[in-house]
DNA sequence: AACTCGGGGCA
DNA sequence: TGCCCAGAGTT
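Numbering (full-length UniProt numbering), first residue to last: 1 to 219.
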């Protein structure tokens, strides 16, 4: 298992590789961040950005999303996978925002996850990015990277990964850490064809060393 | 813990 | 063509 010192070294190296990773997810308000994060389930960020560009021109408030028929909203996000459920969830979510939260995006995890389509990952992203509340969102990238490096065990649950990250990472870096791991996982420590050659973390990476012994890492 | 939703991107 | 992708809800 990685020591805290080694883990801090990992974060520094990732920061060097993707210095502006944390600037990527900037949204003008919590509501847009919530919608964008909800749309991002099981599809790439580039695709979401393509859709939200027009979407946020047309829909500004929860009321706007409820002012059109479900079919119209579904068509507006049709190029994203799972669009039927996502559109349905967005309208149900907007209705709940209006009736129970005065049209505002709530700030606690319990309230956020009570919204349709919002799970722990989405809630953590909104809390940390929109409101500056320390939280670490664990998605497939974060899970894969932390397990490959050896910070977490392969059998760990998503919640256990999150707990380990919170324990080993300085609190003031929590929200930044999420985006560092996302970028590192998305562009370098990829699910397929990880760039283990030319990886600054190869020496201390559990999976990397295993691959090295097996001769799987090409020059 | 496994299954399902799903169009677009990429090999 | 076939496979995978910034997850969440249901069983």
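Just so you know, even glycine gets a beta-carbon here, dropped at the ideal spot from N, CA and C. Just so it is clear, the structure is predicted and the values come from calculations on it, not from any experiment.
With distances taken from CA atoms, which of the options is nearest residue i?
i: residue 54; options: 207, 67, 71 and 75; result: 75
i: residue 206; options: 184, 170, 163 and 146; result: 146
i: residue 18; options: 80, 203 and 177; result: 177
i: residue 141; options: 56, 5 and 189; result: 189
i: residue 82; options: 44, 67, 62 and 65; result: 44
i: residue 48; options: 30, 68, 77 and 71; result: 77
i: residue 63; options: 97, 198 and 6; result: 97
i: residue 8; options: 151, 187, 198 and 216; result: 151
i: residue 118; options: 6, 33 and 5; result: 33
i: residue 129; options: 194, 42, 175 and 67; result: 175
i: residue 35; options: 156, 101 and 115; result: 115
i: residue 46; options: 165, 193 and 187; result: 187
Leaving aside the five residues before and after residue i along the sequence, list all residues of the same chain whose C-beta is less than 7 Å from its C-beta, in chain order.
i: residue 123; result: 109, 112 and 113
i: residue 13; result: 200 and 201
i: residue 149; result: 2, 10, 201, 205 and 206
i: residue 37; result: 122, 125 and 126
i: residue 191; result: 144
i: residue 88; result: 70
i: residue 84; result: 74
Give the C-beta separation of residue i and residue j to the nearest angstrom, bearing in mind that I take them to be a contact with Cβ-Cβ under 8 Å.
i: residue 133; j: residue 107; result: 7 Å
i: residue 73; j: residue 57; result: Between residue 57 and residue 73 the Cβ distance is about 14 Å, and since that is not below 8 Å, they are no contact.
i: residue 79; j: residue 105; result: Between residue 105 and residue 79 the Cβ distance is about 25 Å, and since that is not below 8 Å, they are no contact.
i: residue 182; j: residue 196; result: Going by Cβ atoms, the distance from residue 182 to residue 196 rounds to 19 Å, so no, they are not a contact pair.
Taking the beta carbon of residue i as the centre, do at least 16 other beta carbons fall within 10 Å, making it buried, or is it exposed?
i: residue 1; result: exposed
i: residue 65; result: buried
i: residue 160; result: exposed
i: residue 121; result: buried
i: residue 154; result: exposed
i: residue 185; result: buried
i: residue 99; result: exposed
i: residue 162; result: buried
i: residue 214; result: exposed
i: residue 5; result: exposed
i: residue 171; result: exposed
i: residue 61; result: exposed
i: residue 40; result: buried
i: residue 210; result: exposed
Leaving aside the five residues before and after residue i along the sequence, list all residues of the same chain whose C-beta is less than 8 Å from its C-beta, in chain order.
i: residue 180; result: 11, 14, 15, 18, 21 and 22
i: residue 131; result: 30 and 107
i: residue 173; result: 11
i: residue 94; result: 62, 63, 65 and 66
i: residue 169; result: 7, 11, 136 and 177
i: residue 103; result: 61, 62, 63 and 97
i: residue 139; result: 121 and 182
Tell me which residues share the same chain as residue i and place their Cβ nearer than 6 Å to its Cβ, disregarding the 5 neighbours each side in the sequence.
i: residue 127; result: 133 and 135
i: residue 59; result: 65
i: residue 208; result: 196 and 202
Cβ-heavy atom distance between residue i and the ligand ZN below 8 Å?
i: residue 50; result: With respect to small molecules bound, the structure shown includes none, and the ligand ZN cannot be examined in it.
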